[in-house]
Amino acid sequence: MFDFLIATLPQLLVTGVMIGSIYALVALCYYVVHAGTGVINFAQGDFVVIGLAFTWLFHVDLGLPVVLSIPLTILSTLACVAVFERLAIRPVSDRDPMIPLLVTLAGGILIRSTVQLIWGVRPRLVPHYSGDDPILLLDAAILPQTLWIVGGTIVILGAVYVFFKHTLFGLSMLGAASDREGARVIGVNAGMIGLYSFGLSAMISGAAAGVIAPVTNADPQLGLEFAIKGFAGAIIGGIEKPYAVVIGGLMIGLLEALIGGLFSSEYRNLFVFGALMLTLIVRPQGLFGERT
269 MFDFLIATLP QLLVTGVMIG SIYALVALCY YVVHAGTGVI NFAQGDFVVI
319 GLAFTWLFHV DLGLPVVLSI PLTILSTLAC VAVFERLAIR PVSDRDPMIP
369 LLVTLAGGIL IRSTVQLIWG VRPRLVPHYS GDDPILLLDA AILPQTLWIV
419 GGTIVILGAV YVFFKHTLFG LSMLGAASDR EGARVIGVNA GMIGLYSFGL
469 SAMISGAAAG VIAPVTNADP QLGLEFAIKG FAGAIIGGIE KPYAVVIGGL
519 MIGLLEALIG GLFSSEYRNL FVFGALMLTL IVRPQGLFGE RT
């Protein structure tokens, strides 16, 4: 058992980082919406599914190059999510926090069903952008697309951190989320903050879909799994900090890869949700969150 672990550990770690980066991007979207509105957006996984569908449409069906398909995917995802926010979230934004949460839950199901109605239920293949010949490093085979995913996660995390911590607009969004009445007094349009937060989440979702599509393919069934695993990563890491949710997502991916590789993939959810439950009981603010 020990020899098997040593032999397979490098490959399991590479796989875990790749899967974890996907969950980290979804978890980062949870942070963005929560930071700007205080809402937990359970439709988040399906925002990524919208991006996957558009990635297939632009890159595979229409044959556009990656440098065009990814920006178009981001813009198209942004447009769809903006409509969702204006029609579904904005009317209930001032009600009990449970109402927007339930709206996002129902909205995710609606989005998933709509995507399946338009594009069908079967996954649509998206080719790897840089070929599928693996790079061998320390007994691990690294697909070039893994570098796209990990690199994209790092760039997006950096951009989100700078936006919320070092720009006036980002700081205004954080202030409006914590004190909407105070934001109105100083002239911040709190009603638009929700649109901006969901819009930023949509742009991250579109960019994420653009880099992960060759690995996951355009599968409309993935929305629920993305939503749950991304949420688990955000809670375990600590939803109040962008780097914390990314670390949480990476931890979920590594846990899944190690459990699936050493035991069976059937046990992945058992350990993931066991870790989530334990975190909620022992440290509900997350591993990197601050006690209140």
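By this note's numbering, the letter at position 120 of the sequence shown is numbered 388, and the numbering carries on one by one without gaps.
Ideal Cβ positions, reconstructed from N, Cα and C, are used throughout, including at glycine.
Within the stretch 289 to 364, the complete alpha helix (DSSP H) segments of 4 residues or longer fall at 312 to 323, 334 to 352, listed in chain order. According to the DSSP assignment, Ala486 belongs to no alpha helix (DSSP H), since it is labelled neither H nor E. By the C-beta criterion, the stretch 496 to 503 is judged to be in contact with the stretch 535 to 547, since at least 3 inter-stretch pairs fall below 8 Å. In the DSSP assignment, Arg392 is bridged to Ala486. Non-local beta-carbon contacts of Gly478 in its own chain, meaning distances under 6 Å to residues more than five positions away in sequence, involve Thr323, Ile338, Thr341 in chain order. Pairing Val317 with Ile410 gives a Cβ-Cβ distance that is not under 8 Å.
Between Cys297 and Ile417, the gap from beta carbon to beta carbon reaches 8 Å or more.
Excluding sequence positions up to five before and after Glu508, its CB lies within less than 6 Å of the CB of Gly557, all in the same chain and listed in chain order. In the three-state reduction of the DSSP assignment, Ile507 falls in the coil class. Between Gly313 and Gly491, the C-beta gap is smaller than 8 Å, which places the two residues in contact. Taking a C-beta distance under 8 Å as the contact criterion, Pro412 and Gly399 qualify as a contact pair.
DSSP, read as helix, strand or coil, puts Leu463 in helix. The C-alpha of Thr382 lies about 44 Å from the C-alpha of Leu406. For the stretch 520 to 548, there is no continuous alpha helix (DSSP H) assignment of 4+ residues that stays within its boundaries. Cβ neighbours of Thr283 within its own chain (closer than 6 Å, five residues either side excluded): Ala525.
A straight-line Cα-Cα distance of about 11 Å links Ser344 and Ala475. The beta carbons of Glu353 and Phe437 sit no closer together than 8 Å. Counting along the chain, Leu373 sits inside the alpha helix (DSSP H) bounded by residues 366 to 387. One alpha carbon belongs to Gly426, the other to Ala295, and they sit about 14 Å apart. Looking at the DSSP output, Ile410 sits in a beta bridge with Ile403. Look at Leu555 here: in three-state DSSP terms it is coil, with no helix or strand label.
Sequence-distant Cβ neighbours of Val334 in its own chain, meaning closer than 7 Å and more than five residues away, are His327, Tyr397.
Note on Pro365: under 16 other CB atoms within 10 angstroms of its CB, so exposed under the neighbour-count rule. Cβ atoms of Thr372 and Val307 come within 8 Å of each other, at about 7 Å.
Within its own chain, the residues whose Cβ lies closer than 6 Å to the Cβ of Gly304, once the five positions on either side in sequence are excluded, are Met441, Ala445, Ile461, Ser465, listed in chain order.
Take the alpha-carbon of Met286 and the one of Leu530: they are about 17 Å apart. Pairing Ser469 with Val301 gives a Cβ-Cβ distance under 8 Å.
Inclusion of Val351 and Phe315 in the CB contact set at 8 Å is not warranted, their separation being larger than that value. The Cβ atoms of Ala502 and Tyr299 sit closer than 8 Å to each other. If you compare the alpha carbons of Ile480, Val550, Gly554, Pro368 with that of Gly420, the shortest gap goes to Ile480.
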